[in-house]
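A.B. asks: Residue numbers (my numbering): -3 to 265. I am attaching a structure below and will ask some questions about it afterwards.
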Amino acid sequence: NFIMALIVLNTLVLCVGYYGQPYEYALVLDIINYALFGIFAVEAIIKLLGFGGQYFSTSRGGGRDCARYLDAWNVFDLCIVIGTSVGILLSSLLPVDIQAIAGIIRTFRLLRIVRLLRGVRGLKVLLNTIAVAMPAVVNIFVLLLLFLMIFAIMGIQLFATVAHGDALNDYANFQDFFVAMLTLLRGSTGENWNGIMHDMGRQTDGCVATGAMTFNATMCGYCLYAPESEWPGQACVECEPLNGCGSPITAKLYWYVFTLVVTYTLRNV
């Protein structure tokens, strides 16, 4: 209970720091943090001296090989102490960016909050359940990634040359695979996917059918892949906007199927 109270105190000390705090205030917080770190380090050393090799094993191993039953909590505690120690040594001895090292130390201090789970049986059971379910979660994630790739490739084939609008723009489009993946990932959260859908189905005045468009080095999108001899401008700054026609039926069918399969099915499994 004493160590748990110190962990709570350590968390509160991290919470009360703020940007632009006075030097004296920051110095007091650092002293408290270092004092708490010293107590946690002494605790780890006493456990290592008292338990020896059993510090890293759990009693559920029984008479069998303890290496198969590592105590993840004790290993986690020791890693936090070692990580904080390394961060403090680096900030004291090496002429490196102090802000970067301070961030490392602060990260390890924050990880001590996880130790509170060890003292709450219900949360510990829940955490163990999540750990057991992780392989299945990874399988779902891989399946989700596969569907995102399939729909991204389909979107590039169908809507790469559609004229941009309000939602379909330079930051959300299907002109290349990476941006298409980001667009679909954003759409899977429900963020304005219907706006993108309507822009993809819009037919502007004088638009050209997608299948009839040819390579034009002066047009946005194409100019990125044109040789310098064919592009009179610089870095596509003065390129002509895309004027491809959208397809309302295809766009609606595309996004309805994507929303049904990815958003409402895979992301809710």
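Ideal placement from N, C-alpha and C gives every residue a C-beta, glycine not left out. All figures in this text were calculated on a predicted structure; none of them were measured in a lab.
1) What are the start and end residues of each continuous alpha helix (DSSP H) run of 4 or more residues lying completely inside the segment 95 to 153, in chain order?
2) Where do the ends of the alpha helix (DSSP H) carrying Y30 lie?
3) Whole angstroms is fine: what's the gap from R111's alpha carbon to K120's?
4) List the endpoints of the continuous alpha helix (DSSP H) containing D195.
5) Which term fits M130, buried or exposed, when burial requires 16 or more other beta carbons within 10 angstroms of its beta carbon?
6) When the Cα atoms are used, what is the spatial distance from F33 to E20?
7) Pull up the distance between the alpha-carbon of L141 and that of K43, whole angstroms please.
8) Among all the DSSP beta bridges, which residues are the ones paired with G240?
9) Comparing alpha-carbon positions, which option in R108, I76, L45 and F72 lies nearest A1?
10) Taking DSSP's pairing of strands, which residues face M215 in a bridge?
11) Let's see if you can read the secondary structure: which residues bound the alpha helix (DSSP H) around T7?
12) In this structure, how does DSSP classify Q199 when only helix, strand and coil are distinguished?
13) Taking the alpha carbon of Q50 as the reference point, which residue from R105, V38, E39 and V71 has its own alpha carbon closest?
14) Decide if S243 is buried, meaning its Cβ has at least 16 other Cβ atoms within 10 Å, or exposed.
15) Using DSSP with H/G/I as helix, E/B as strand and the rest coil, what is D73?
16) For C203 versus A156, is the C-beta distance shorter than 8 Å?
17) Three-state secondary structure (DSSP) at M209?
C.D. replies: Walking through what the data contain:
1) 112 to 115
2) Bounds of the alpha helix (DSSP H) holding Y30 are Y19 to F47.
3) 10 Å
4) D195 -> alpha helix (DSSP H) spans W189 to M196.
5) Burial call: exposed.
6) Approximately 20 Å between the Cα atoms of the pair.
7) 44 Å
8) V158 and V204
9) R108
10) In the DSSP output, where bridge partners are listed per residue, M215 has E236.
11) F(-2) to C11
12) coil
13) V71
14) buried
15) Note: D73 maps to helix in three-state DSSP.
16) The beta carbons of C203 and A156 sit no closer together than 8 Å.
17) coil
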